[in-house]
Every structure is written in structure tokens, then in C-alpha cells.
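*Asks:* Here it is, the structure in full.
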């Protein structure tokens, strides 16, 4: 995950949906901050921060994930 111009780092996502996700962060970026996320074997996804509270931020994908991509991510995580 990469927030704004910060360096890439690993992150644990929660509540992943085709339209967005939540992620834990030490310092919540401002609403509207661009965020980039990479899933193994998939193209980088662009998102933006929608809200932040208690060390969590909610983000929305700029382009909703297709059902194929979403199922691929869920299947990959479930297999591990």
C-alpha cells in the first residue's frame, strides 16, 4: 500500500468489497488523499481515503473491482 507520496509498505485490509476497503494506519491521512494498493498477481489499484477513525481509514476504489478480480482476491486470501 502507498498513501499519497509516502513509501510502499505492507498493510492488512479489512472489510474488502468491490467498491472499497478499510485499513489500519498509524496516522490517518486526510479525506481525499490518493492511495495505491497492489494485490499479488494483479494490476495496481487506485483508491482514495474517505474517512479515518481510531487508527482505521476507509477507502474507495476509483474504479470498482470487477467480480472476477474481487473473487480472485478473496480466493487467494482464503487459500492462505
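Residue numbers (the numbering used here): 3 to 82.
We put the beta carbon where it would ideally sit given N, CA and C, even for glycine.
(1) For residue 3, count neighbouring C-beta atoms within 10 Å of its own C-beta (all shown protein chains included) and say buried if the count is 16 or more, exposed if not.
(2) Are the beta-carbon atoms belonging to residue 60 and residue 71 less than 9 angstroms from one another?
(3) Determine the closest residue to residue 1 out of 79, 10, 43, 68, with distance taken between C-alpha atoms.
(4) Quick check: what's the CA-CA separation for residue 54 versus residue 77?
(5) CA-CA distance, residue 19 and residue 46?
*Replies:* To lay it out plainly:
(1) The count along the chain shown starts at 1 and reaches residue 3 at position 1. Classification of residue 3: buried, given that the 10 Å Cβ count is 16 or more.
(2) The residue labelled residue 60 in the question sits at position 58 within the chain shown. The residue labelled residue 71 in the question sits at position 69 within the chain shown. No, these two residues do not count as a Cβ contact at 9 angstroms.
(3) Residue 1 falls outside the range modelled here, since the chain spans only 3 to 82, and no answer is possible.
(4) Position 52 of the chain shown, counted from the start, is the residue given in the question as residue 54. Position 75 of the chain shown, counted from the start, is the residue given in the question as residue 77. Distance between the alpha carbons of residue 54 and residue 77: 28 angstroms.
(5) What you label residue 19 is simply residue 17 of the chain shown in a count that begins at 1. What you label residue 46 is simply residue 44 of the chain shown in a count that begins at 1. Distance between the alpha carbons of residue 19 and residue 46 is about 16 angstroms.
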